[in-house]
Amino acid sequence: MNVKKYSVSGMTCDGCVQSIKTKLELADDIVSAEVSLNDEYLLLSSEKNYKESEINELLKSVGSYKVSEDYNKTNIIKIISKYLSTYKPILITLFFVFLLSFLSYIAFDGNGDSFMRFVMGYFFLVFSFLKFQDISQFASSFSNYDPITKTFYRFGLVYPFIELSLGIFFILGVFLLFSNILTLFILLPQTYGIFMKLRRKEEMINCACLGTSFSVPLSNLTIIENLSMCFMAIFFIVAII
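Written out as structure tokens, the structure is:
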């Protein structure tokens, strides 16, 4: 017996699923046809190895459905597309952070250390701007996963000001030891809180890093951002000391 998975396009409702399933299972050499509307696939068990053209020919009479043998390839593309769509606001923001950092690096004839300093500075500066649009709402959302804000709510209210100050300090290259220690102080507990939230797989909550302007779910992407900032902070602390 042959068991093969195909991608299916053109389905819009459960009726489409039933139409495809019924039509295919009427064929003598098809044992069963399992169809998923959400994942858009067809799992076909048959006595012979069906080509996609043969299946499409069978389905021609029941609707405008298109079957493809490249299910895995199609599925990967869909996953990547969905990820980029979901986290587009964060990815665009990070793109501009790196763009501004690179331009500043070129303009001031810097070195590798200064590029990292600019990245940290613009990271805090840009993300603080987004939080300033509604500080109280940000603090409320931030308290869902930040241990410090959960214990001392007012910390969430001053957090955008801390980020703004850190952004200015890093870009100007002043108070660097203090700024890097403070970076670790605010980001390490926050990263731990995010990790615990994701580990428990509780209800989906939005990431407060973009303030309330965008609805982006909390994810490992934020952990990667924070840990990257922490590693750069540790690098600077070691270099300064």
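According to the working numbering, the residues represented by the sequence shown are 486 to 726, in order. In this text, a Cβ means the ideal position worked out from N, Cα and C, and glycines have one as well.
Judged by DSSP in its simplified three-state form, GLU539 adopts helix. Pairing LEU527 with VAL493, the inter-Cα distance amounts to about 6 angstroms.
Counting only residues of its own chain and dropping the five nearest sequence neighbours on each side, PHE721 has a CB closer than 7 angstroms to the CB of LEU661 and ASN665. For the pair of segments examined, the segment 601-612 was found not to touch the segment 675-692: the number of CB pairs separated by less than 8 angstroms stays below three. Shown here, LEU511 sits in coil according to DSSP, grouped into three states, outside any helix or strand. Here LYS506 carries a helix assignment [DSSP, helix/strand/coil].
The alpha-carbon separation between SER704 and LYS686 amounts to approximately 11 angstroms. Between CYS715 and LEU651 the beta-carbon gap is near 13 angstroms, outside 8 angstroms, which marks them as no contact. The continuous beta strand (DSSP E) containing LYS490 extends over residues 487-494. The straight-line gap separating the alpha-carbon atoms of CYS498 and ILE505 is approximately 11 angstroms.
Sorting TYR568, SER599 and ASN534 by C-alpha distance to the C-alpha of VAL488 places ASN534 at the top.
DSSP places GLU525 outside both helix and strand once states are collapsed to three, so it counts as coil. The criterion of a C-beta distance shorter than 8 angstroms is satisfied by VAL552 and ILE540. With respect to LEU657, PRO574 sits apart: the two C-beta atoms are not nearer than 8 angstroms.
Counting the other CB atoms within 10 Å of its CB gives ILE591 a total below 16, which places it among the exposed residues. Spatial neighbours of PHE608 in its own chain (CB-CB distance under 6 angstroms, excluding positions within 5 residues in sequence) are listed in chain order as VAL582.
Straight-line measurement puts the Cα of LEU649 at about 22 angstroms from the Cα of ASN629.
In the structure shown, the three-state DSSP call for LYS551 is strand. Under the three-state reduction of DSSP, SER713 is assigned to helix. Taking all protein chains in view, the Cβ of SER586 is crowded by 16 or more other Cβ atoms within 10 Å, so the residue is classified as buried.
Only exposed fits THR636, as fewer than 16 other CB atoms lie within 10 angstroms of its CB.
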